[in-house]
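Visitor:
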Amino acid sequence: MGICISYDRVMEIEDWIATSSCELFREDGVVAPACLRKELFTVGALDNLDHNPSSTTSQSSFHGTGISLFQLPTKTEAGVNRLPITIPPSGNAKHSLPDSYAFVPAVALKTTAVAVPECSVSEVTSCLDEAIAQERRWIEDALPHLETELTCGDAIAWAAYHASIQPPVEDPPALHALPLFYEKSATPAMIKHSMDVLRQAVEFLNPGQIPVTTFDQPLFALAKCIQWKWPDTHGEKGHVVMLGGLHTEMALWNTLGDVLDGSGWITALTEAGVASPGTANSYLKAAHLTRTRHAHQTTLLTLHNLQKEPFLLSEGSKDFVCFNAWKNDMQKKSHTFMY
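To convert a position in the sequence shown, counted from 1, into our numbering, add 4.
1) Go ahead and label G212 buried or exposed: buried means 16 or more other beta carbons lie within 10 angstroms of its beta carbon, across all protein chains shown.
2) Do you know offhand how far L44's Cα is from L179's?
3) Just the C-alpha distance for A329 and D54, rounded to the nearest angstrom, thanks.
4) Beta carbon of F74, beta carbon of P183: below 9 Å?
5) Could you check whether W257 and R297 sit closer than 9 Å to each other, using their CB atoms as the reference points?
6) Pick out whichever of W269, T252 and G239 has its Cα sitting closest to the Cα of E122.
7) Can you name, in chain order, every residue of its own chain whose Cβ lies under 8 Å from the Cβ of V120, other than the five neighbours on each side?
8) Quick check: V245 and F208, are their CB atoms within less than 9 Å of each other?
9) Between the segment 137-147 and the segment 28-47, are three or more C-beta pairs nearer than 8 Å?
10) Near H292, which residues of its chain fall below 7 Å by C-beta distance, leaving aside the five closest residues on each side in sequence?
11) Since A181 and S72 are thought to touch, with beta carbons under 8 Å apart, how far apart are those beta carbons, to the nearest angstrom?
12) What three-state label does DSSP hand I89 in the structure shown?
13) Which one of M199, T78 and T259 has the shortest CA to CA distance from S104?
14) On the criterion of 16 or more Cβ atoms from any shown chain inside 10 Å, does F408 qualify as buried, or is it exposed?
15) What are the partner residues of S72, as DSSP defines its beta bridges?
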């Protein structure tokens, strides 16, 4: 027979933790959980939360907004640990969040008519060279596996290869979800208030840092409208809003699908037995991210393998530099060689 503490004791400890956390928030003047470190770069994220319980005994659901804070310490930038909360709490008052956090002020924003400020952006190329070099190394590593029997340790897939070369994590990331909101996330009031909350938390944890917040596509559009409506307090120079990695990748695959539409790529995938016609067409719009990614990876390896065969039959050295020179020469002779 198992022995454990009573349910009432568990609830009492949970109540102590909540009360002590709220006392810390009031003492610091900002909602920033104690597990987050100071003097460390901090990134925020916001998304909607929808919980529809399927259990027959469930009697409630939750629809609201969640805000999270992320910190990525390194050996050289480990941050400064803060004192943990203490239980039982020092006071006897029932826990409650600061009004500056819990209260969401109403705002007026007309999203159908926005004034986008002019800006100039310089081309960024320095960060792409190493990324392209890594993709070439993956291709060089994967091509020999196409002609051999795969074993358990072979990392031919793009994700498997890059996972195998990742350095070990020296210090796990510090992350924490802030108290939830009942308010709907896709509203100007909630987005603006969330940006205020994140700005206050970032300024407390890492003074002087410009806040960085990630959103999904609908919330990102609202955040940009807010930046254009209130440029002095929430503008692009004082708050960086970004699309989340998932939506950024989907947008890129969608754009590439527009380029490949009508090129014969769908027919090639279908005739090669990679996918059915309906599934192959869905790759153009990135309807299923994992399948779309796999189709492009398969296509890339196939094209490089087809190019490698005539290159090995050509004259001259067979190193990677000569391979690139050979491809450039073939492209000049035949424009269709690029496809």
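Using N, Cα and C, we set each Cβ at its ideal position, and we do this for glycine too.
Guide: Short version:
1) Classification of G212: exposed, given that the 10 Å Cβ count is below 16.
2) Taking the straight line from one Cα to the other gives about 12 Å.
3) Their Cα atoms are separated by approximately 54 Å.
4) Not a contact, by the Cβ cut-off of 9 Å.
5) In contact: R297 and W257 (Cβ atoms closer than 9 Å).
6) Taking only the C-alpha atoms, the option nearest E122 is G239.
7) Cβ within range, chain order: W232.
8) At a Cβ-Cβ threshold of 9 Å, V245 and F208 do not count as neighbours.
9) In short, these stretches do not touch, since the Cβ pair count stays below three.
10) Cβ neighbours of H292 beyond the five flanking positions: S286.
11) The pair is a contact, with the Cβ atoms about 5 Å apart (cut-off 8 Å).
12) Note: I89 maps to coil in three-state DSSP.
13) The residue with the shortest Cα to Cα distance from S104 is M199.
14) A query on residue 408 cannot be resolved here, the shown segment of the chain reaching from 5 to 343 and no further.
15) Beta-bridge pairing links S72 to A49 and A181.
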